[in-house]
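Just remember that this note's numbering sits 1 ahead of the position in the sequence shown, which is counted from 1.
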Amino acid sequence: MKGYKIGFVANIKHAAAKIHCAQILNSVKIASHSRILEIGCESGYLSNLLRASSNQVIGIDINIDALQMIKSDPSLAADATHLPFSEGAFDIVICCHSLEHVPAINQVLAEINRVLSRQGNLVVIYPYEIIRGITLIGNINTWPKFWAAHRQRWTPRILNRITTRFGFTEKSSHMYYGLNQMFITVLQKTI
C-alpha cells in the first residue's frame, strides 16, 4: 500500500508539473540557451519538463530528502535567502508554489534580483487562497495547522506591490486551473 501511495502522489505531482510547464511556456519566451533557475524544485518534475525547452535548467530546494528523488541533474540543496550563484547568472527564475512558504520574503526577492540578468524574468506560480493556507486543508502532512505552511497569501496586487520594491515590474498575470485555482505572474527585472 505504501508504494501505491507514493506512486499516486508522484503521478499527481507530475500531472501538476505538466500544467504549470504549459502555463510557463505560454507566458514567457524560453530559448534553448535560456539560463533557468527553479527555486523550490522539490523532486524535480517541473525542472525536468523545462529541460525540453532549455538545456540550462538548475533546480534548488532546501529539502534534501525531496532532492534525493530527482532522477536527473543538475539540482542542489540551497537556501533561497543565500543563492550560491553569481550576479546575473540566470535569464529566468521560476518559483512554482514556493514563495508562499518563505518567511524571509525580502531576502529571497533581493537574492532573485541579484542572480537575474538585466531584463530577466521572474515567474511566480501561487495558489488562489481566500484564507492563507486553505488549499492545503486536505493535506494530511499539514493538518491541523494547514494555514501555517503558507507564510504568505499572494494575489497579483500584493505580489506586484512587494516585488516593485525589489526592482521588478509586472508583465502579465492571470488565473488558471490545475488541481485548484492558481495564478501565474511574470515580472521583469528593471533594476
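Where a beta carbon is used, it is the ideal one built from N, C-alpha and C, also for glycine.
Original post:
Which residue or residues does DSSP assign as beta-bridge partners of His-21?
Top reply: DSSP lists no beta-bridge partner residue for His-21.
Original post:
Quick one: is Ser-87 buried, meaning 16 or more other Cβ sit within 10 Å of its Cβ, or exposed?
Top reply: Burial is judged here by how many other beta carbons sit within 10 angstroms of a residue's own beta carbon; Ser-87 has fewer than 16 and is exposed.
Original post:
Can you give the Cα-Cα distance for Thr-165 and Ile-20, rounded to whole angstroms?
Top reply: Separation of Thr-165 and Ile-20 (C-alpha to C-alpha, rounded to the nearest whole angstrom) is 27 Å.
Original post:
Does the separation of the CB atoms of Ala-79 and Ile-65 fall below 7 Å?
Top reply: Taking 7 Å as the Cβ cut-off, Ala-79 and Ile-65 do not qualify as a contacting pair.
Subject >> Val-29 beta carbon less than 7 Å from that of Val-116 >> reply: The beta carbons of Val-116 and Val-29 sit no closer together than 7 Å.
Original post:
What is the C-beta distance between Ala-17 and Gly-179, in whole angstroms, given that I count them as a contact (C-beta under 8 Å)?
Top reply: Right, their Cβ atoms sit about 6 Å apart.
Original post:
Are the beta-carbon atoms of Cys-97 and Ile-126 separated by less than 7 Å?
Top reply: Pairing Cys-97 with Ile-126 gives a Cβ-Cβ distance under 7 Å.
**OP:** Sort out for me which residues DSSP pairs Arg-36 with in a bridge.
**Re:** BP columns for Arg-36 point to Gln-57.
**OP:** Answer with buried or exposed for Met-176, where buried requires no fewer than 16 other C-beta atoms within 10 angstroms of its C-beta.
**Re:** Exposed, by the Cβ-count rule.
Original post:
Where DSSP assigns a beta bridge to Asn-122, which residues make up the other side?
Top reply: Among the bridge pairs identified by DSSP, Asn-122 is matched with Ile-93, Gln-189.
Subject >> Arg-158 versus Ser-173 - alpha carbon distance >> reply: Cα-Cα distance, rounded: 12 Å.
Original post:
Who are the near neighbours of Ile-185 in its chain, counting only those whose CB is closer than 6 Å to its CB and skipping five residues on each side?
Top reply: Correct list, in chain order: Gln-24, Ser-28, Ile-126.
Original post:
Identify the residues that DSSP records as bridge partners of Gln-182: which are they?
Top reply: DSSP output for Gln-182 lists Tyr-178 as bridge partner(s).
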